[in-house]
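See below for the structure under consideration.
Protein chains: 2
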Amino acid sequence: LVRADEETTVDQLLEGHDVRVSSGTDREQAARLLQRHDLALLPVVNESQRLVGVLRFDDAMDILEEEASEDAYWKAGVGDVLHHQDAVRSEKLTQGPIGYTLKVRMAFLLVTLAGGMMVGGVIDHFEGALEALVALAIFIPVIMDMGGNVGTQSTTIFARGLALGHIDLKQFFRVHMVRELKVAVCMGLVLATLGGIIAWAWQGAPNDIPMLGVVVGISLMFAITTACLLGFLLPWLLLKLGVDHAPGADPFITTIKDFSGLAVYFMTAAWLLPVTL
Amino acid sequence: LVRADEETTVDQLLEGHDVRVSSGTDREQAARLLQRHDLALLPVVNESQRLVGVLRFDDAMDILEEEASEDAYWKAGVGDVLHHQDAVRSEKLTQGPIGYTLKVRMAFLLVTLAGGMMVGGVIDHFEGALEALVALAIFIPVIMDMGGNVGTQSTTIFARGLALGHIDLKQFFRVHMVRELKVAVCMGLVLATLGGIIAWAWQGAPNDIPMLGVVVGISLMFAITTACLLGFLLPWLLLKLGVDHAPGADPFITTIKDFSGLAVYFMTAAWLLPVTL
């Protein structure tokens with residue numbers, strides 16, 4: 026190929042399929058194209074369809090590997106804008122100077138500290154309700170955990186679906202968000218009913234506050250639906266804003282869903298239970 | 026190669042390096058070997074070093090891609106023992122029948138529901154302390170979130186380090202756990218001091234309970250150290266037990282660290298603050 030005449034367009038040289046990418050293509054997309062067609066070399070052409078180089082399978086392999094790790098690292102808050110190469114990062118994180126590990130991990134944890142204190146602010150705000158009914162504190166963990174895990178599921182399904190071409194951004198609202206909403210409502214109904222029955226049987230009925238089950242159920246329903254939709258919506262929004270790493274959405278989702286989840290919990294309690302704010 | 030005499034051992038045919046794997050090798054390890062050496066084909070030999078086949082680069086690429094997704098899916102609780110092929114799974118999760126998505130997601134969420142209720146049991150147990158000092162509830166989220174995020178960082182660093190060969194299981198305790206303990210103590214000291222000062226300034230000093238800052242600080246220190254060590258220890262333990270997916274450790278870590286974190290929090294409160302159990 027390299028020896029062919031400079032003026033020949035790549036079309037005429039290829040036999041069978043005409044798989045190629047333009048030089049401006051995103052490296053992950055190019056690597057996936059090579060992978061999908063089981064090619065050893067993927068031709069790269071310029072605007073006038075002239076061959077400017079090839080992407081080799083071994084480089085494509087390293088690109089896909091790095092992208093997968095990149096996602097995992099950002100999700101865990103150990104992303105590093107300066108060191109893209111995955112192997113180097115892993116080596117520094119596990120064997121390099123402790124100062125590097127601390128620097129990389131700490132930023133995310135300071136955000137966590139601030140977020141956790143903000144969520145505490147919601148509880149502080151509803152201290153009156155809590156004073157009147159201390160049993161309300163018992164269901165704080167289940168509402169936080171449920172929102173968190175539902176949200177992680179949604180972001181993971183979105184990120185993988187997008188990478189593998191199963192999520193079409195043009196049909197994002199009409200198809201994918203509608204589907205996620207249906208999933209959210211079904212899961213919410215089952216888990217909220219179950220959680221509500223447990224709350225009623227464990228703390229509601231014995232303490233003569235049967236409505237506690239309804240309060241926990243409504244709050245779980247809200248927390249699950251919000252977390253599901255945010256898990257799709259926030260990574261999509263970050264993509265639209267040009268932020269590369271969708272998993273970076275996680276800390277935001279955590280704070281938003283804890284904040285709103287607990288606010289709804291205490292407001293429902295103030296509405297249905299004999300407590301005053 | 027295939028045409029060579031049946032009795033020839035693979036040693037004699039190779040020139041330069043002698044990269045090969047035995048037929049019993051784990052598929053991920055074999056794919057990584059091919060990747061590390063930038064090979065298009067990796068010879069596979071039997072016990073008597075005779076060639077039994079080759080691993081092609083395109084298959085190796087699919088294997089590595091699948092393993093990376095596999096990890097992400099299990100971490101988010103949408104792992105599926107029956108459908109290993111990543112592309113198929115992603116397609117079913119985003120476009121298939123909603124019933125499939127519900128079935129796969131629900132199992133993990135039922136565990137979350139049970140775990141959240143168990144953690145609520147800790148709060149129930151210390152209801153007396155909470156009644157005496159409702160402000161204690163305010164710091165429940167920060168202790169839960171901090172443990173959660175620290176734990177996720179540790180499991181991610183462990184999983185990537187292991188996959189890329191930067192964690193040596195033979196030196197697990199002597200080298201890697203010792204390093205993680207140092208990291209945990211450093212991060213704990215900074216974050217616990219900061220969190221303690223915030224708690225003191227926000228709720229401690231104004232309400233004339235200055236020791237609240239110390240209680241929050243001690244609890245954060247404990248939560249961070251525990252989560253760090255569990256994040257390395259539990260995936261290692263699962264590996265030793267022959268469970269393939271280290272990220273499957275996450276739900277266990279969540280429940281253990283919330284349970285112990287809040288227990289330590291309330292016990293420290295009972296010890297240092299004017300409350301009775």
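Listed in order, the protein sequences are those of chains A and B. First residue of the first sequence? That's 26 in the numbering used here, and the numbers climb one at a time after it. First residue of the second sequence? That's 26 in the numbering used here, and the numbers climb one at a time after it. Glycine included, C-beta positions come from ideal geometry on N, C-alpha and C. Owing to the predicted nature of the structure, the values given are computational and were not obtained by experimental measurement.
Can the beta-carbon of residue i be found less than 7 Å from the beta-carbon of residue j?
i, j, result
"Ile-234 (chain B)", "Leu-255 (chain B)", "no"
"Glu-90 (chain B)", "Leu-89 (chain A)", "yes"
"Leu-161 (chain B)", "Val-159 (chain A)", "no"
"Ala-217 (chain B)", "Met-171 (chain B)", "no"
"Leu-237 (chain A)", "Gly-229 (chain A)", "yes"
"Val-300 (chain B)", "Ala-157 (chain B)", "yes"
"Val-46 (chain B)", "Val-69 (chain B)", "yes"
"Val-147 (chain B)", "Leu-298 (chain B)", "no"
"Pro-260 (chain B)", "Thr-180 (chain B)", "yes"
"Asp-63 (chain A)", "Asp-63 (chain B)", "no"
Between residue i and the ligand NAD, is there a pair consisting of the residue's CB and a ligand heavy atom that are separated by less than 6 Å?
i, result
"Leu-134 (chain A)", "With respect to the ligand NAD, the structure offers nothing, as it holds no ligand at all."
Could you say which of the options lies nearest to residue i if we only look at CA atoms?
i, options, result
"Arg-57 (chain B)", "B:Asn-71, B:Asn-232, B:Gln-74, B:Glu-92", "B:Glu-92"
"Val-208 (chain B)", "A:Gly-78, A:Met-131, A:Pro-68, A:Gln-54", "A:Met-131"
"Gly-176 (chain B)", "B:Asp-51, B:Ile-281, B:Met-143", "B:Ile-281"
"Leu-258 (chain B)", "B:Leu-187, B:Val-69, B:Gln-54", "B:Leu-187"
"Glu-53 (chain B)", "B:Leu-76, B:Gly-141, B:Gly-190, B:Leu-127", "B:Gly-190"
"Gln-74 (chain A)", "A:Val-44, A:Gly-141, A:Leu-264, A:Gly-124", "A:Val-44"
"Val-77 (chain B)", "B:Phe-197, B:Ser-48, B:Trp-261, B:Gly-121", "B:Ser-48"
"Leu-138 (chain A)", "B:Val-241, B:Phe-291, B:Arg-114", "B:Val-241"
"Ala-294 (chain A)", "A:Gly-153, A:Ala-55, A:Ile-192, A:Asp-51", "A:Gly-153"
"Cys-253 (chain B)", "B:Asp-51, B:His-201, B:Lys-195", "B:His-201"
"Ile-192 (chain B)", "A:Trp-225, A:Ala-224, A:Thr-50, A:Arg-114", "A:Arg-114"
Along chain A, which residues have their Cβ under 7 Å away from the Cβ of residue i?
i, result
"Met-212 (chain B)", "Leu-127, Arg-130, Met-131, Leu-134"
"Tyr-290 (chain B)", "What Tyr-290 (chain B) touches in chain A: nothing, since even the nearest Cβ is about 12 Å away."
"Glu-116 (chain B)", "His-191"
"Phe-164 (chain B)", "Gly-145"
"Gln-120 (chain B)", "His-191"
Taking Cβ-Cβ distances shorter than 7 Å, what residues in chain D pair up with residue i?
i, result
"Gly-140 (chain A)", "The structure shown contains no chain D; its protein chains are A and B."
How many angstroms separate the CA atom of residue i from the CA atom of residue j?
i, j, result
"Leu-26 (chain B)", "Glu-72 (chain A)", "Here the model assigns Leu-26 (chain B) a pLDDT of 49, short of 50, so the residue's position is not dependable and the matter cannot be decided."
"Asp-149 (chain B)", "Ile-163 (chain A)", "6 Å"
"Asp-283 (chain A)", "Leu-134 (chain B)", "17 Å"
"Thr-119 (chain B)", "Arg-185 (chain B)", "27 Å"
"Glu-205 (chain A)", "Phe-183 (chain A)", "10 Å"
"Ile-249 (chain A)", "Ile-243 (chain A)", "10 Å"
"Thr-251 (chain B)", "Leu-66 (chain B)", "44 Å"
"Ile-168 (chain B)", "Gly-141 (chain A)", "8 Å"
"Leu-266 (chain B)", "Ala-85 (chain B)", "26 Å"
"Trp-296 (chain A)", "Val-239 (chain A)", "11 Å"
"Arg-81 (chain A)", "Asp-87 (chain A)", "10 Å"
"Trp-227 (chain A)", "Cys-211 (chain B)", "41 Å"
"Val-203 (chain B)", "Phe-198 (chain A)", "49 Å"
"Phe-151 (chain B)", "Ile-165 (chain A)", "14 Å"
"Gly-221 (chain A)", "Gly-124 (chain A)", "47 Å"
"Pro-272 (chain B)", "Val-136 (chain B)", "Bear in mind that a pLDDT of 45 at Pro-272 (chain B), under 50, signals an unreliable position, so the number given afterwards is only what the model happens to contain. Cα to Cα, the separation comes out at about 15 Å."
"Leu-214 (chain A)", "Leu-127 (chain B)", "12 Å"
"Leu-264 (chain A)", "Asn-174 (chain A)", "22 Å"
"Val-144 (chain B)", "Leu-262 (chain A)", "34 Å"
"Val-129 (chain B)", "Gln-178 (chain A)", "10 Å"
"Arg-61 (chain A)", "Met-292 (chain A)", "51 Å"
"Ser-285 (chain A)", "Ala-97 (chain A)", "26 Å"
In chain A, which residues lie with their C-beta within 9 Å of the C-beta of residue i?
i, result
"Ala-65 (chain B)", "Ala-65, Phe-82, Asp-83"
"Thr-137 (chain B)", "Val-167, Asp-170, Met-171, Gly-173, Asn-174, Val-175, Leu-216"
Can you pull the chain B neighbours of residue i, defined as C-beta to C-beta under 9 Å?
i, result
"Leu-89 (chain A)", "Met-86, Leu-89, Glu-90, Ala-93"
"Ile-123 (chain A)", "Arg-204, Lys-207, Val-208, Cys-211"
"Ala-230 (chain A)", "Near Ala-230 (chain A) there are no residues of chain B at all, since even the closest Cβ is about 15 Å away, more than 9 Å."
Who are the neighbours of residue i on chain B, taking C-beta pairs under 7 Å?
i, result
"Asp-149 (chain A)", "Ile-163"
"Val-159 (chain A)", "Glu-152, Leu-155, Glu-156"
"Ile-223 (chain A)", "Met-142"
Which chain B residues sit within Cβ distance under 8 Å of residue i?
i, result
"Ala-294 (chain A)", "What Ala-294 (chain A) touches in chain B: nothing, since even the nearest Cβ is about 13 Å away."
"Ala-226 (chain A)", "Those do not exist, as Ala-226 (chain A) stays about 11 Å from chain B at its closest Cβ, beyond 8 Å."
Give the interface partners of residue i over in chain A, defined as CB-CB distance under 8 Å, in chain order.
i, result
"Asp-283 (chain B)", "Pro-166, Asp-170"
"Gln-60 (chain B)", "Asp-83, Met-86, Asp-87, Glu-90"
Members of the segment 193-219 of chain A that neighbour chain B once the beta carbon cut-off is set at 8 Å = His-201, Arg-204, Lys-207, Val-208, Cys-211, Met-212, Val-215, Leu-216, Leu-219
Interface residues of the segment 41-55 of chain A facing chain B [CB-CB below 8 Å] = none
Taking any Cβ of chain B, which residues in the segment 243-261 of chain A have a Cβ under 7 Å from it, in chain order?
-> none
Name the residues in the segment 176-187 of chain B whose C-beta lies less than 7 Å from a C-beta of chain A; which are they?
-> Thr-177, Gln-178, Thr-181, Ile-182, Arg-185, Gly-186
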